[in-house]
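Going by our numbering, the first residue of the sequence shown is number 1035, and it counts up by one from there. Yeah, the Cβ is synthetic: ideal placement off N, Cα and C, and Gly gets one too.
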Amino acid sequence: HDLVAQGQFRILKVPLGFIKVLQWFFAIFAFSTCGSYSGMFKMAVECKNRTESNLAIQVEFEYPFRLHQVYFDAPTCKDRATDRIFLVGDYSSSAEFFVTIGVFAFLYSTAALSIYVFFYDKYKENNKGPLIDLGVTAAFAFMWLVSSAAWAKGLSDVKTATDPDEVITLIDACEKEENSCREVHDPVMSGLNTSVAFGFINLVLWAGNLWFVFKETGIIAPFMRAPPPEGKPAPDAYAQQGAYEQDPYASNQGGYQPEFNQQGYNQVSHSR
């Protein structure tokens, strides 16, 4: 059993299997850093009449960044009234697309790994496995490119929309000279920056993986050998043809010729 297990898990040491393990990890990093995010920023609105000020307006927002649904109440600096103010923008489409690609990449890597480990012979059978694998890998490489680029753009928009200095411009009271407004605390975005980085790492991994899956398909093998002759012969004849082109005597080994040479050699030695 140990031998069997070792043989099966050996695939994880070759590039085909090893890259899948990396894809599995980085897919988790990508969707979790984005999907689990929640952030917060604080501002202070100081009114001319100090009693109406609010020096700790706290605004919380989170994935999937439907910021147009996030609001806070800011003092109007008039008659103790407050204004309800909504943030600007809905960035859920790029964020959710990115997370979805991450989740599907994770699921596909899990499935592919289990097939490599437990059904590798089946995978290689008729070349169907590698060809499907190649198609899906190409699709994911493209999707990581699109979703990472979209999310990078989405993230830069989220940063602008949650920048306290920008949000202050939405507060009417802050436009009046006698009141002063300032940011107290910026949102921490490092987690989201890493999610974009993980997206592009995934792009590199999946694009690089294309070559190793492509090698499994065997499409390239014929091009590595001598070019096949015109009018496709049977595989057997083709193999001999290939051998013949490389070495004129290779195909004759064990045939009549070598024995004849042998006899000739014996005769020569006898005559000596």
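Shortest alpha-carbon distance to residue i belongs to which of the options?
i	options	result
residue 1080	1238, 1117, 1052 and 1207	1207
residue 1137	1209, 1253 and 1057	1057
residue 1104	1201, 1228, 1220 and 1209	1201
residue 1047	1110, 1086, 1147 and 1113	1147
residue 1170	1074, 1143, 1113 and 1159	1143
residue 1071	1223, 1145, 1083 and 1204	1223
residue 1189	1156, 1153 and 1229	1229
residue 1074	1197, 1245 and 1050	1197
residue 1193	1220, 1167 and 1172	1220
residue 1145	1054, 1253, 1250 and 1242	1054
residue 1084	1110, 1094, 1242 and 1102	1110
residue 1253	1162, 1225, 1241 and 1242	1162
residue 1119	1158, 1210 and 1205	1205
Are the beta-carbon atoms belonging to residue i and residue j less than 9 Å from one another?
i	j	result
residue 1191	residue 1217	no
residue 1122	residue 1045	no
residue 1091	residue 1107	yes
residue 1125	residue 1186	no
residue 1127	residue 1183	no
residue 1248	residue 1164	yes
residue 1076	residue 1212	no
residue 1246	residue 1050	yes
residue 1250	residue 1168	yes
residue 1239	residue 1172	no
Can you tell me the Cβ-Cβ gap for residue i and residue j, rounded? I've got them flagged as a contact below 8 Å.
i	j	result
residue 1140	residue 1061	4 Å
residue 1215	residue 1078	7 Å
For residue i, list the residues DSSP reports as bridge partners.
i	result
residue 1105	1120
residue 1054	DSSP lists no partner for residue 1054.
residue 1216	1078
Between residue i and chain B, is any beta-carbon pair separated by less than 9 Å?
i	result
residue 1054	Going by chain labels, chain B is absent from the structure shown, which holds only one protein chain.
Cβ pair count under 8 Å reaching 3, the stretch 1093-1104 against the stretch 1228-1246:
no
Three-pair Cβ contact test at 8 Å for the stretch 1127-1136 versus the stretch 1062-1069:
yes
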